[in-house]
Structures are given as structure tokens and as C-alpha cells.
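In the numbering used here, the protein residues as written are 40 to 297. Idealized CB from N, CA, C, for every residue including glycine. This report concerns only the one structure given below.
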């Protein structure tokens, strides 16, 4: 189950306090509700505060895992829940997620995003510097709808996609779902590839499940070489495109990359 955080978010300035507060919705740029006198570079040079309240029910809190997922943020932003910092968006992932079940309370909860100047010193201690992704939009904003992800039995973590090509023609696409087990129960996954859907009852004595698809006449050039992959498992809904090629390596894709 997912709860889209698609209501109004209050936008407040942190640098120039003369700029009036206003409400906006996502996805979109901050400039949608800011004065026309502010250029996009001027907006990006300032610091901003976004705030959104949600009502959490007892039914929601009965889930074992509740992840806060924020994506489409190309500028540095700190995400808080009920005043506690959860994670930073730094332009190095497609989306950012964290289990916030322990931070949620029954009733009203507040989610905040603070667009702040990034402290480069925090990266000096990293053994490997992760490069920034190319911004999807040069304007400061939030370009994917934030949401809460609820799961009861498993937490989907990684996809492993392998293409097995046959000398006589055709190929097979093997999709491994890697997950963490939260509780024992009856749960299944649906994996759809190129219009074909497989339903996989999950054996929760293992931490993965496998779907295998046969492609008799694979397309390897042009737009038709991108095949759609869709996965549903215990409330998770994941979509991706898989380009087919005999030279394709085995892909290991974390949810933060989708």
C-alpha cells in the first residue's frame, strides 16, 4: 500500500524572510508559487522550508515497515519527520527512502523538507565519492510525488536482472526479487514483463524469488528494444525498462536507482 503525499505543502523562505509564504503541490518547481521577480538562479541560491501534515491511523501503524520515499530532488535537501532528521537528498540517487515506522505517531504527523546549502566537508571522509546524477530539471523543486510505502511481510530491496541468450535464437530474462523478511505469512508477487504476468507465491524461508520469461523474437535495436518490467509485492509497485542485448551484463538494481 502507498499513501501519496499529494496535498498542499507550505513553502516558506529561510533566507529572504520578506518573501511571502504560499502553498504548492508536487511534482513541480518552487517557482510556481514564488514572485515573478525571482529568477530560477536566485531561487536556487536561497534556502527554503517545505512542510506537510498527514493523519496517521491505527491501521497504518499496524504495518511492520513504513518507508518515507522522496524522489526527484536535484538540490540538497534535508528531510525531517516530526522534527527529527531522517535523511538528506543530495542528487546522488533517483529516490531516497527510510523506514520511519518508529517515528510515526497516531494522529497528526509533520513532514518537512529543508533546501539548505550543502556542507561539502561531510563528503571528505567517504572512501568512494558517489557522483551526482544529471538533474532532470534545472529548476529547484520536487519532481516526483513523495509517498509512504507500507509493507507487512517483506521489504523489497534489490532487483537482479539477467539475460540468457541462446545460440539458436531467442533469449530468456531472469528476474530475481531480493527482499528482507519481516513476518511469516501468505504473500505473493506479480512480475510482468513484455505483457506476460507471472504470479509467484513467496517461500519466506528464502530471501528471494525468481521469475523467468521466454522471448522468442527479441528486439535489440530502436525503441522496441526497451521492454517494460512491472513488479507488485506486498504493497510495493515498481516499474522499470529493460533494454535487451546479447552483450547486456547482469543488472543489480537497488530501489534507490528506480
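Query                                                                                                                                                             : Result
Taking buried to mean at least 16 other C-beta atoms within 10 Å of its own C-beta, is residue 123 buried or exposed?                                             : exposed
Starting from the N-terminal side, write out each stretch of the beta strand (DSSP E) that is 3 residues or longer and does not extend beyond the segment 65–151. : 87–95, 104–110, 116–120, 123–128 and 134–138
On the criterion of 16 or more Cβ atoms from any shown chain inside 10 Å, does residue 207 qualify as buried, or is it exposed?                                   : exposed
Under three-state DSSP, which class holds residue 60?                                                                                                             : coil
At what residues does the beta strand (DSSP E) containing residue 155 begin and finish?                                                                           : Premise fails: residue 155 is in no beta strand (DSSP E) and is neither H nor E.
Do residue 135 and residue 42 have their beta-carbon atoms positioned less than 8 Å apart in this structure?                                                      : no
Taking the C-alpha atoms as reference points, what is the distance between residue 286 and residue 237?                                                           : 26 Å
In terms of residues, what are the limits of the beta strand (DSSP E) holding residue 217?                                                                        : 210–220
Between residue 164 and residue 157, what straight-line distance do the alpha-carbon atoms span, to the nearest angstrom?                                         : Confidence at residue 164 is low in this model, with a pLDDT of 49, below 50, so the placement of that residue is unreliable and no value is reported for it.
Determine the direct distance from the alpha carbon of residue 209 to that of residue 127, and round the result to whole angstroms.                               : 44 Å
Closest by CA to residue 244, which one among 261, 140, 73 and 220?                                                                                               : 220
Whole angstroms is fine: what's the gap from residue 281's alpha carbon to residue 56's?                                                                          : 47 Å
Check residue 295 in the structure and name its three-state DSSP category.                                                                                        : helix
Do you know offhand how far residue 76's Cα is from residue 61's?                                                                                                 : 15 Å
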